[in-house]
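Below: one structure, written as structure tokens.
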Amino acid sequence: MSDEVRVRFAPSPTGELHVGGARTALYNWLYAKHKGGKFILRVEDTDEKRSTEENLETILRSMKWLGLDWDEGPVLQSDRLDLYNDYVSLLMSSGKAYYCFAAQEDIEEQRKEALEADENWVYRGADRELSADEVRAKLDAEEPHTVRFKVPAEGTITVNDLVQGEVTFECEHIEDFVLQRSDEKPTYHLSNVVDDIEMGITIVMRGADHLSNTPKQLLVYEALNAKLPEFAHLPLILGEDGKRLSKRHGATSVEHFRDKGYLPGAVINYLALLGWNPGDEREVFTANELSSEFTLERVNQSNPKFDLEKLSWLNGEYIKEVPAGELRPAVREALQVRGCWDEELDMERRDFFFALIELWQSRARTINELADNIAPFQTEAFAYEPAGLKEHVHGKDLLGLVEAFREALLQVDPWGQEELEATLREVAGGLDREAGDLIHATRIALVGKKSSPGIFEVLDLMGRDKSRSRLDRMIRYLRKLDTAKAKRLEQIANATGR
RNA sequence: GGCCCUAUCGUCUAGCCUGGCCCAGGACACCGCCCUCUCAAGGCGGAGACACGGGUUCAAAUCCCGUUAGGGCUACCA
2 MSDEVRVRFA PSPTGELHVG GARTALYNWL YAKHKGGKFI LRVEDTDEKR STEENLETIL
62 RSMKWLGLDW DEGPVLQSDR LDLYNDYVSL LMSSGKAYYC FAAQEDIEEQ RKEALEADEN
122 WVYRGADREL SADEVRAKLD AEEPHTVRFK VPAEGTITVN DLVQGEVTFE CEHIEDFVLQ
182 RSDEKPTYHL SNVVDDIEMG ITIVMRGADH LSNTPKQLLV YEALNAKLPE FAHLPLILGE
242 DGKRLSKRHG ATSVEHFRDK GYLPGAVINY LALLGWNPGD EREVFTANEL SSEFTLERVN
302 QSNPKFDLEK LSWLNGEYIK EVPAGELRPA VREALQVRGC WDEELDMERR DFFFALIELW
362 QSRARTINEL ADNIAPFQTE AFAYEPAGLK EHVHGKDLLG LVEAFREALL QVDPWGQEEL
422 EATLREVAGG LDREAGDLIH ATRIALVGKK SSPGIFEVLD LMGRDKSRSR LDRMIRYLRK
482 LDTAKAKRLE QIANATGR
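Quick note on numbering: the working numbering labels position 10 of the first sequence as 11, and the sequence is numbered without any gaps.
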């Protein structure tokens, strides 16, 4: 029990789970798995104003989707306020903390002045010196107050960090920070330390944005005479512009990537590689492989930039490798969103559905792309891509050719790729046309795009009826083109004739 | 402003601790070629980096100092 590894992820439900938080959770999870320890989920919701139930639900949903399952929790800090108050009493009675009656505005004013004067200034409460009677009187008068920690005037504090190494801070730069707010709620510095002690956390692994706060927390551990956990501060993930991740960078939430058709395994894999590497040249890992390889020694100290391009590549690798059956639920969901899902695809046309997925697996980088490509097999309500029309349809005199091909399709027997290819080439040859002209036009007719898998595979899967009906649509389009052209010619003739 | 962290191809990184094997390796992206009905996938090839300046040393991407740049903290947010 005493040497069991216990790590935690402690999000604050003030927003969705973004990639930075997800990576912190992942590293903790990997570490716990690697060491055969426990991964605990704790929710730091002591800031009532910014925390919401909805955010918490989203965070939990994202973690489950990623497969980051926790062994204990979620423990809500808002459920254990009494605990923090007990610790405040402890700190008060041992003289490590004091009531501070100073008004927040006054302190801010002083801080501002000091900053303008370029002075190094930290708050050292004058109320430290208040006598017991004076404190009693103010308390009785119900003067608003906070509880602050008595930071030593001098000395140094060294954080021995598993990732960052030894980092030393001077007490003179640390102010008397608040432990308990005037509404009697604990601040982060208190609740975080208390919970890490109470939960028996052995390694505090979190974002490097907390490194500068660590000396404060070390002071609290010391004042409490508590056993120190180890610390590991992870580099922060930056946006593609090198700036801190924020709303400006668009959607960076885990939820967003799920909606865009990314696979949880790919997201995990990508995030793991953002700040950690196995020391060799492998790039693609399952979660299990990651956890057996993961060590803090191989975590970097510099901040990586989030690269959507590489995530997409990895996602494509996953889509390519995974058996079609595993993609089925996600593709199904995406097709439902697009309104072209048919229950038959899960029943009698299941083989067809699988074949469609397989046809596009090597071409799609996201599930959404996959679904977009499959949609034309389910519905005729797709648009012809303008660039495709311009390159392969307009001005090509295709009407007779396409009509002939549509008719010839009636004779194809059996309906198969080889027969289809022979037929197409025969039709084109018979009219003294390039097979390519017909191929490109057929492609636009069948899927609306100028690129797709091999046209004979597409025809084969599309089937005779749907293929002919899509060619019909193209024929109608071509006829309209012709009439429009004839009309234009007539107008020109009239205009010039006059 | 003060304090702290970081700095290898455009990006993620290997190498740095334990100097020589590094005129720096891999991956994404990019470019070219092959395959080909198109697009992918695949195969082959190309271009591309030790931030800068000092020092230590026979020798520095690797050690030290400084500069610059980026990031973090500096809240009764976490």
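Here a beta-carbon is modelled for each residue, glycine too, at the ideal position from N, C-alpha and C.
Backbone secondary structure at residue i - three-state DSSP
i, result
"cysteine 101", "strand"
"methionine 2", "Caution is warranted here: a pLDDT of 49 is assigned to methionine 2, below 50, making its placement in the model unreliable, and no coordinate value can be reported."
"alanine 233", "strand"
"threonine 424", "helix"
"phenylalanine 457", "helix"
"aspartate 483", "helix"
"aspartate 285", "Per the sequence shown, residue 285 should be read as valine rather than aspartate. Correct three-state label for valine 285: coil."
"histidine 395", "coil"
"phenylalanine 406", "helix"
"glutamate 73", "strand"
"serine 254", "strand"
"glycine 464", "coil"
"threonine 296", "coil"
"isoleucine 204", "strand"
"glutamate 419", "helix"
"threonine 157", "strand"
"glutamate 199", "helix"
"glutamate 171", "strand"
"phenylalanine 383", "coil"
"glutamine 377", "For the record, residue 377 in the displayed sequence is proline; it is not glutamine. Proline 377: helix per DSSP, three-state reduction."
CA-to-CA distance, residue j to residue i, given in whole angstroms
i, j, result
"leucine 462", "glycine 449", "16 Å"
"tryptophan 66", "proline 265", "7 Å"
"histidine 234", "tyrosine 85", "25 Å"
"asparagine 161", "aspartate 347", "56 Å"
"alanine 487", "isoleucine 456", "31 Å"
"alanine 485", "glutamate 491", "10 Å"
"methionine 2", "alanine 288", "For methionine 2, the pLDDT reaches just 49, beneath the cut-off of 50, and the residue's location in the model is therefore unreliable, although a value from the coordinates is still provided. Straight-line Cα distance between these residues: approximately 26 Å."
"glycine 280", "aspartate 70", "27 Å"
"glycine 166", "lysine 311", "30 Å"
"serine 254", "glutamate 17", "6 Å"
"leucine 336", "alanine 372", "6 Å"
"tryptophan 277", "proline 387", "44 Å"
"arginine 480", "glycine 389", "18 Å"
"glutamate 106", "alanine 138", "22 Å"
"valine 152", "tyrosine 222", "13 Å"
"glycine 437", "glutamate 427", "12 Å"
"leucine 432", "alanine 409", "13 Å"
"histidine 250", "glycine 21", "13 Å"
"alanine 154", "cysteine 172", "6 Å"
"arginine 339", "leucine 116", "56 Å"
"proline 236", "valine 76", "26 Å"
"tryptophan 361", "leucine 309", "21 Å"
"leucine 92", "glutamine 78", "19 Å"
"leucine 220", "valine 168", "15 Å"
"serine 303", "valine 268", "20 Å"
"arginine 474", "glycine 396", "18 Å"
Spatially closest choice to residue i from the options, by CA coordinates
i, options, result
"asparagine 374", "Glu349, Glu110, Lys451", "Lys451"
"glycine 208", "Ala26, Arg444, Lys139, Glu171", "Ala26"
"arginine 182", "Arg149, Thr159, Gly166", "Arg149"
"valine 323", "Phe286, His146, Ser247, Tyr478", "Phe286"
"glutamine 218", "Thr159, Gly276, Thr253", "Thr159"
"alanine 429", "Gly417, Ala365, Ala442", "Ala442"
"threonine 47", "Leu180, Phe258, Ile358, Ser63", "Leu180"
"glycine 262", "Val300, Phe295, Leu472, Ile320", "Ile320"
"glycine 417", "Tyr385, Ala376, Leu460", "Leu460"
"asparagine 226", "Ser95, Thr147, Ala118", "Ser95"
"proline 12", "Tyr189, Tyr99, Cys172, Asp128", "Tyr189"
"threonine 296", "Thr15, Glu345, Val6, Tyr28", "Tyr28"
"valine 300", "Phe353, Leu163, Pro230, Tyr124", "Leu163"
Integer-rounded CB distance, given that residue j should sit under 8 Å from residue i
i, j, result
"valine 8", "isoleucine 175", "Not confirmed; about 26 Å, so no contact."
"aspartate 466", "leucine 400", "The Cβ separation is near 21 Å, so there is no contact."
"leucine 274", "glutamate 284", "7 Å"
"isoleucine 41", "methionine 200", "6 Å"
"serine 63", "alanine 23", "7 Å"
"proline 305", "leucine 239", "7 Å"
Residues that DSSP places opposite residue i in a beta bridge
i, result
"asparagine 239", "For the record, residue 239 in the displayed sequence is leucine; it is not asparagine. For leucine 239, which the question treats as bridged, DSSP gives the partners Arg245, Lys306."
"aspartate 162", "Gly166, Phe232"
"glutamine 181", "Val148, Pro187"
"threonine 59", "None; threonine 59 has no bridge partner."
"phenylalanine 40", "Val8"
"tryptophan 277", "Val300"
"histidine 19", "Ser254"
"glutamate 318", "According to DSSP, which records beta bridges pairwise, glutamate 318 is partnered with nothing at all."
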